[in-house]
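For reference, the structure discussed in these notes is given below.
Residue numbers (the UniProt record's numbering): 1 to 1160.
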């Protein structure tokens, strides 16, 4: 069935617009605008169309489809068989294949046509409304809402439409840790909960209570507070403190189940396990208490969670009840969990899995339905189940899921609407534990399933059915230890799933239905406090988190970044590394375009990888792990590319507070590591691979935070970003190695004024650098100059900055000198007119760029990779080939990438004219040289078609005012095409044996074509070799118009050449043979006259008559073609003939009423 509704709106007075909305059974929503005819039909009928359902009938679709198809295709079928048909006689009743009137759904000439027709119409139009009415009655009796659009449902509808378009675009990107602030705690109450203050990014913490001390403290840790030594909780700002004895005798002490901070009114809400709901106001109004118990549940609370919009609080109690409270803590719904809830979702079981219902014959397994599982779960509890209840909301707040134990037998996930209506219950799953987290985008609910040999993260749909899973990569020893208690948490934009263990957190991302383990961070905990530490994602910043344990507070930030190799030639093999736990996925995209989640090489590691870096040549790979880093050799010259080989390993500190974060490779023999050696103790270590010496290159100050380290574009220098003091912006510096033991830090004074987390440094000259950086908001900077505000990803090459925008465009900006940064021109959003801008698929991100092959690799949101060849990169490569005088590569690139070949000359005309022989020797093939000559045109494409892609050349000189003065090309008067053709003719004059076609092409391609010279060359070849002459004539006929060539050959008075041309152009011998025989029989001068007269060259024909002394005929010919002036010029030394001709001209002028001219 298909749910359909029509709604309308008035965009402006006098206009109406209707839309058709289709809701499919799988949740897919499609909206279509109705056509003008459909709108008028609906408006004329004046029907008010509400929600209804109907069954698609094949009868309606088959009424006249077959007949219309046959009628439409009959002519084409017959025509394909080589026959011809007449036009269909539409007036005839027999022109349809099935007979008369077969195109009509009813034959009006049959009996009872009236009754059959109206019965069909009433049934067809009335059935949908009848079905809709029955469905409404059934829904009303079942107690479920019948209105398709309510305030929450409308929000849910728009949310689902949005969530269908939300996809993870971070398939080939790794999580990079850019901030890790740790505070070690001592001598105080243990930290029991943490929350974010979104207004100031401060961390709100609760300390206590414990079994020996019932005090509960609420404190604030500022975002920019850093401590190098362990501190007590009293160091933080105290918001409130009170005694919280547990009201329930069966609990040793009370426990904070939920801590939520409302930044709009500076209020914290604490939900305690003993049943109290406490409000703490930082700035209470007159008459308000600072600490207030706004409610209490006598039986105790098992779980609590606020909705994403902070309007509803969901609670579960030990009495198996589920409560909704508003922000004013008014109880709006109270639901009791009953065993009958499990029947809400009728999950069908046909007995598969039972031996008595299965076929046990030969090859039974092969014949089994693959869509039916071999075993049906019964919902058995896990031996590690702690009995907890978990509540999780969907991202739009329209639904909430509750994971609890039902009757001590199985776990059930109940899904409730915002109004408190039970929507569904999950199917039974063996080993399902208490962890639960609803992906904010709304499509999946994540849970934990513990089996005998593995632990899975399982996913459910909203209807309670399973929808995929992935296995946590834990060893047999790890599963019963730190993995005995697991929690799950999605970040706010649904890109990262945090899996929380007892002493560590793993961060997983998904791409192409494969889950990648991107990072693992350990958390310092105390064994005397068995409760798991508190982990919270930032509710607004997608990749910010806090992990609060009994002995430490750890808050950090991640960014997604691509780990790719060099983007400068010739080592730009497009190497990309993707981290996946103990697997490193490597792909040289230039050699093998393997899409994720697959990879060309999958390298097995000793432990989970943290970061990876490539050397300058790409043949060495540095992989950073928890306690060491390893160097692998990767042979890129062997085909196929083999698996990397471990070259060496270098140990790191194994202390608990040692946290390596990033790694960078310089050249092929230097490795830098960014690591934290405890709170506020961050260093950058340098390792020389040849000597294995480890030196400290930089030590951060106590209040300084190092964000990231990265190698420059050429891998010759190390750059790092850091925050010098709290509340300052990120700045950049470079590290120069003066000697093996001496490092110099050079601050970069051109850092942008905002925080940028992605950066690339390009060296323009020995003393000039350009820093390209990107902020989280999409602002792209070149030093301090803003290039774009909507950038989504960027890369840097030796000559370009290329970036994608939120408008789905790929743009190229030319790199310029540091003093000209402000003049860097960003192309407009006009991909149809500017070669520096190109439209790309929606959501595409840059992966890597390979200037040597002019290619860019992008990844779409759905995960596939795409290699394109942007015109800006292609033209930059062609110009570099021309600068190196590699004309063959420039020509082949122009040919394969459809670039105008005039650029080969226009970019450097003087150099090309001097290197014509070099061009011929490099290109070699005759047909390719002909192609180049045939594509010549007068336009200077470097100044017209490709002007925007032409950067400032390196040979530019600098004037006295410091401005760049571009070199002006030497402009020569005359035709560019003729000049190039003459250059080829002069260069190939002595190579007529091998480059005869090129010589002819050079003649023909002149403007205008010099056909006579080409034919004269053919005439000379005819004397040497008749075969070469025929070949030359065939070639020249291919290049120009055959009839024009025939006339040109005839105009040379060479009848044999004319006959040769006539035979090649396939003219009718009955036409030209008698004519040529007639000419052959005439005397030479008379033949010349007849040829010129035939070709319309009357001036020449007149001269031939004069040579024949046919004076009378000459005067008649001059009179006929009005050639008096030419005749007078011929007879200027023959007075008698001149007088007669002058009289004829005077008579002509008199007849034309030009008496003055006649008298003269």
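In this text, a Cβ means the ideal position worked out from N, Cα and C, and glycines have one as well.
Note that this is a predicted model, so its numbers are computed, not measured.
When the Cα atoms are used, residue 382 and residue 431 turn out to be separated by approximately 4 Å.
Contact annotation: residue 440 and residue 487 have beta-carbon atoms that are not nearer than 7 Å. For residue 529, the closest of 1073, 539, 515 and 550 by C-alpha to C-alpha distance is 550.
Counting every other CB atom within 10 Å of its CB across the protein chains shown gives residue 940 a total of 16 or more, marking it as buried. Linking residue 582 to residue 609 through their CA atoms gives a straight-line distance of about 6 Å. A distance below 7 Å between beta-carbons, with the five flanking residues on each side excluded, links residue 929 to the following residues of its chain, in chain order: 920, 923 and 998.
The beta-carbon separation of residue 400 and residue 393, rounded to 5 Å, stays under the 8 Å limit for a contact. Pairing residue 741 with residue 695, the inter-Cα distance amounts to about 7 Å.
Contact annotation, residue 424 with residue 379: C-beta distance approximately 15 Å; criterion of less than 8 Å not satisfied. In this structure, DSSP gives residue 325 an extended state, which the three-state scheme calls strand.
Contact check for residue 342 and residue 304: beta-carbon distance about 24 Å, past the 8 Å limit, so the pair fails to qualify. The DSSP-derived three-state label of residue 636 is coil.
If you keep only unbroken beta strand (DSSP E) runs of at least 3 residues inside the segment 563-624, you get 575-580, 583-588, 601-604, 611-614 and 620-624.
In terms of Cβ geometry, residue 484 and residue 504 do not form a close pair [threshold 7 Å]. When C-alpha distances from residue 1102 are compared across 1130, 1083 and 804, the shortest belongs to 1130. According to the DSSP assignment, residue 652 belongs to no beta strand (DSSP E), since it is labelled neither H nor E. Here DSSP, grouped into helix, strand and coil, assigns residue 287 to coil.
Under the criterion of beta carbons closer than 8 Å, residue 577 and residue 585 qualify as touching, at roughly 7 Å. With contact defined as three or more Cβ pairs closer than 8 Å, the segment 1086-1097 and the segment 1060-1069 are not in contact. Going by DSSP, residue 1139 is part of the alpha helix (DSSP H) stretching over 1135-1151.
In terms of Cβ geometry, residue 664 and residue 614 do not form a close pair [threshold 7 Å]. Taking C-beta separations shorter than 6 Å and ignoring five residues to either side along the sequence, the partners of residue 913 in its chain run 983, following chain order. By the Cβ test, the segment 673-691 is in contact with the segment 645-665, since at least three Cβ pairs between them sit closer than 8 Å. Secondary structure note for residue 747: its beta strand (DSSP E) is the uninterrupted segment 742-748.
By the Cβ test, the segment 640-655 is in contact with the segment 624-632, since at least three Cβ pairs between them sit closer than 8 Å. Taking the Cα positions, residue 837 is about 23 Å away from residue 566. Taking C-beta atoms under 8 Å as the contact rule, residue 877 and residue 867 fail to qualify, at a distance of about 15 Å.
If the five residues before and after residue 595 are omitted, its C-beta is found closer than 8 Å to the C-beta atoms of 512, 863, 864 and 865, all from its own chain and listed in chain order. Annotation: residue 913 is outside any beta strand (DSSP E); the continuous alpha helix (DSSP H) that includes it extends over 909-914.
In the DSSP secondary-structure assignment, residue 794 is bridged to 803. Within its own chain, the residues whose Cβ lies closer than 6 Å to the Cβ of residue 197, once the five positions on either side in sequence are excluded, are 204, 261 and 263, listed in chain order. Under the three-state reduction of DSSP output, residue 854 falls in the coil class, being neither helix nor strand. Beta-bridge annotation (DSSP): residue 276 is paired with 296. With respect to the C-alpha of residue 213, the residue from 233, 1029, 184 and 245 having the closest C-alpha is 245. Closest in C-alpha terms to residue 938, from the list 1111, 903, 128 and 926, comes 903.
Going by DSSP, residue 516 is part of the beta strand (DSSP E) stretching over 514-522.
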